[in-house]
Amino acid sequence: MQEKFQRLLGVIITPRETFQKIKEKPDILFPFLIVAFGTLVPALIGYPIFKSFLIKNLNDTLQPKGIEVTDFLIKVSLIAAYVGIPINAILSWLLKGIVIHPLTKIFNAVGTFREKYKVLLSAIGYSSFTVALGQLVITIIAYIIGSYDVKTSLALFLPGNLNNTSFIFRLFSHLDFFVIWYQILVSMAVSIIYDIKFKKSALIVIGTWLIFVLISSIAVIQG
Numbered sequence: 002m003q004e005k006f007q008r009l010l011g012v013i014i015t016p017r018e019t020f021q022k023i024k025e026k027p028d029i030l031f032p033f034l035i036v037a038f039g040t041l042v043p044a045l046i047g048y049p050i051f052k053s054f055l056i057k058n059l060n061d062t063l064q065p066k067g068i069e070v071t072d073f074l075i076k077v078s079l080i081a082a083y084v085g086i087p088i089n090a091i092l093s094w095l096l097k098g099i100v101i102h103p104l105t106k107i108f109n110a111v112g113t114f115r116e117k118y119k120v121l122l123s124a125i126g127y128s129s130f131t132v133a134l135g136q137l138v139i140t141i142i143a144y145i146i147g148s149y150d151v152k153t154s155l156a157l158f159l160p161g162n163l164n165n166t167s168f169i170f171r172l173f174s175h176l177d178f179f180v181i182w183y184q185i186l187v188s189m190a191v192s193i194i195y196d197i198k199f200k201k202s203a204l205i206v207i208g209t210w211l212i213f214v215l216i217s218s219i220a221v222i223q224g
């Protein structure tokens, strides 16, 4: 277990050396726990403020449509939110590895899916600790200011009067500093695991993420 926590700390302090160790001896269970509970735990810690934030969003969204926000609806929404956090995180973790592997073949990377997928999942899982740190920071700030309306993204630099539903706001909100850190670490891991240059792995990892961000931002506006 000590080795697991050393890897967790190593991803932050000495990522290249840590990813090399993961490449030589990957593990899955601990990274799975990081992915599943890394963002759930901070959300549970911030339950009182999160609940108030959720109720406000429900009122802002549903009341203009004439839909009453009942206690039952609030309970169902809270359960869905907390159940959805680990499920979405796990699915994203698994999918990221599936998407990355075939794209490395563009740069003539060597290794089959069977050989690389476990190593890739292990590295991605450890890297996701940065996202968990981000959620913890948000929770701490939320308790201090009494609101979950906390920005740790490029949206911080947008004018205060900009509509929160605008394309630019949605796009910049996706560009979270901790998520960017995570994408850089995954790019570094892919470079080491597949023995390709960092700029090539970054093109794969960060490129696919930016495409997803762009599509998500457009979809929200059109929805």
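As numbered in the numbering used here, residues 2 to 224 make up the sequence shown, in order. C-beta: ideal position from N, C-alpha, C; glycine also.
Identity of the residue in the options nearest residue i by Cα
i	options	result
F20	F213, S148, P160 and L121	L121
V36	D196, L95, P65 and K57	L95
P87	S129, V77, I99 and P27	S129
G112	I197, N164 and P65	I197
P103	T209, F38 and F213	T209
I181	T166, V214, Q64 and D28	V214
F108	F6, K201 and I13	K201
S167	A220, Y183 and Q64	A220
L45	V84, L92, L211 and E4	V84
G39	I125, N162, L204 and I75	I125
P27	K5, L34 and L10	K5
V12	I212, L159, Y183 and L211	Y183
L34	D72, M2 and P65	M2
L74	L59, L10 and K97	L59
L204	F170, G161, N164 and V100	V100
Beta-carbon gap between residue i and residue j smaller than 9 Å
i	j	result
S217	V206	no
P227	L157	Outside the displayed range of the chain (2 to 224) lies residue 227, so it cannot be described from this structure.
K117	I194	yes
I139	Y149	yes
D177	S192	no
A81	L41	no
R8	Y127	yes
S174	P32	no
T131	F54	no
G147	I50	yes
V70	I56	yes
A190	I23	yes
A143	G47	yes
I185	K119	no
K52	L79	yes
Residue range of the alpha helix (DSSP H) that includes residue i
i	result
M189	F178 to Y195
L159	That residue, L159, is in no alpha helix (DSSP H); it is neither H nor E in DSSP.
S174	F168 to H175
Those residues which DSSP pairs with residue i across a bridge
i	result
S154	D177
Threshold first: 4 residues or longer. Then list the alpha helix (DSSP H) segments lying entirely within the region 4-71, N to C.
16-25, 30-38, 41-46 and 48-63
What alpha helix (DSSP H) runs, 4 residues minimum, are completely inside the region 89-131?
114-128
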